[in-house]
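Working notes for the structure below.
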Amino acid sequence: MTEPLKILAINGSERTGNTSDVLRHAADTAEQRGAHFDTVDLRNIRMERCGPCGDCNVRPVPCSLEDDIPGVVRRMTEADAIVFAAPVHGFGTASLMQTFIERAGVGYLRFDRPLSNKVAGIIAVARRYSAGEVWAQLTVNAMLNRMIVVGSGFPATVHALHRGDALKDTEGLTNVSRMINRMIDMAELLSEYRRLTGRDALLAPHEVNERVGLEANAYDPTVPKTASA
Ligand SMILES: Cc1cc2nc3c(=O)[nH]c(=O)nc-3n(C[C@H](O)[C@H](O)[C@H](O)COP(=O)(O)O)c2cc1C
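At position 73 of the sequence shown the residue is numbered 74 (my numbering), and the sequence of numbers has no breaks.
Structure representation (structure tokens):
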């Protein structure tokens with residue numbers, strides 16, 4: 002029997018609110034397809050903010066700040082598909098998700114792009130303003146990480162203010178379900194491709210690390226090392 006597909010959601014809300022409700026809806030859709038759906042609530046993990054060192058562009062090892070980001074990166078690398086879900090705050094991405102993008106992206110992901118060819122889905126939740134901008138930012142970030150972002154017809158943006166409002170946005174939830182279903186379709190297609198061809202890496206190896214002069218695949222990106230290591 003084949004293993005169920007693993008979908009991991011990253012929730013960038015600071016409360017159990019609309020984004021959690023939308024992710025519960027996404028989980029229901031995934032579970033109806035037999036996929037496993039798990040969520041990391043960024044509010045419950047230890048996450049430092051990027052510091053002032055600015056060494057990222059020259060240091061050939063991951064960030065030495067100690068927090069839970071390496072564990073979350075590892076969980077993402079073990080998933081088949083990843084959902085990034087965030088509320089809109091101040092016309093932009095809520096700060097928990099923004100901090101995560103900076104810490105995970107700059108500290109870990111950009112070395113070997115370990116999320117390459119994983120399927121990505123983006124959800125933005127807003128009262129009314131800038132859901133599209135946040136959705137677009139998170140989409141570009143997934144593409145930066147060489148993920149495969151599937152279309153869902155209209156973007157999976159959900160409009161809601163108070164807790165419970167998200168479940169009334171039937172159009173938004175339909176777009177979320179369509180996105181999850183298409184993510185599963187794409188992940189199954191990729192898995193079938195790998196099974197038939199025996200090829201795992203779909204990328205040319207020389208493209209792995211875009212930072213000039215740094216060796217690719219030189220270490221496990223989820224194990225932090227100090228700058229002198
Ligand atoms: C600090 C803060 C800033 C917000 N800024 C915006 C905004 O710029 N545009 C908007 O449409 N909604 C804004 N909202 C509303 C939230 O996006 C909305 O209530 C959303 O449903 C919250 O999701 P959550 O319950 O998962 O936290 C803001 C909410 C907060 C708390």
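By construction, the Cβ of each residue, glycine as well, lies at the ideal position given by its N, Cα and C atoms.
Backbone secondary structure at residue i - three-state DSSP
i: Thr40; result: strand
i: Lys119; result: coil
i: Ala127; result: strand
i: Thr3; result: coil
i: Thr94; result: strand
i: Val59; result: coil
i: Phe155; result: coil
i: Ala228; result: Any reading at Ala228 must be qualified, since the residue scores a pLDDT of 39, below 50, and its modelled position is unreliable; the value itself is stated next. In the structure shown, Ala228 sits in coil (DSSP, three-state: anything other than H, G, I, E or B).
Residue range of the alpha helix (DSSP H) that includes residue i
i: His163; result: That residue, His163, is in no alpha helix (DSSP H); it is neither H nor E in DSSP.
i: Asn142; result: 132 to 145
i: Met48; result: From DSSP, Met48 is part of no alpha helix (DSSP H); its letter is neither H nor E.
i: Ser192; result: 171 to 198
i: Met148; result: Careful: Met148 lies outside any alpha helix (DSSP H) and carries neither H nor E.
i: Arg34; result: Premise fails: Arg34 is in no alpha helix (DSSP H) and is neither H nor E.
i: Gly72; result: 70 to 79
Check whether residue i and residue j have beta carbons under 8 Å apart
i: Val73; j: Ala127; result: no
i: Met180; j: Ser153; result: yes
i: Ala95; j: Ser21; result: no
i: Val120; j: Val151; result: yes
i: Phe92; j: Leu43; result: no
i: Met98; j: Ala87; result: yes
Endpoints, the beta strand (DSSP E) within which residue i is located
i: Ile83; result: 82 to 90
i: Asn12; result: 7 to 12
7 Å CB neighbourhood of residue i in its chain, flanking five on each side removed
i: Trp136; result: Ile123, Ala125, Pro156, Thr158
i: Val107; result: Cys51, Cys57
i: Ala36; result: Pro5, Leu6, Ile8, Ile185
Nonlocal neighbours in the same chain, by C-beta distance under 8 Å from residue i, ignoring five residues either side
i: Ala228; result: Low confidence applies here, because Ala228 scores a pLDDT of 39, under 50, leaving its location unreliable; read the following figure in that light. Excluding sequence neighbours, Ala228 sits near Asp56, Arg60, Val62, Ser65.
Residues near residue i in its chain [Cβ-Cβ closer than 6 Å; skip 5 each side]
i: Asp81; result: Leu6, Lys7, Ala188
i: Asn176; result: Ser153, Phe155, Ala157
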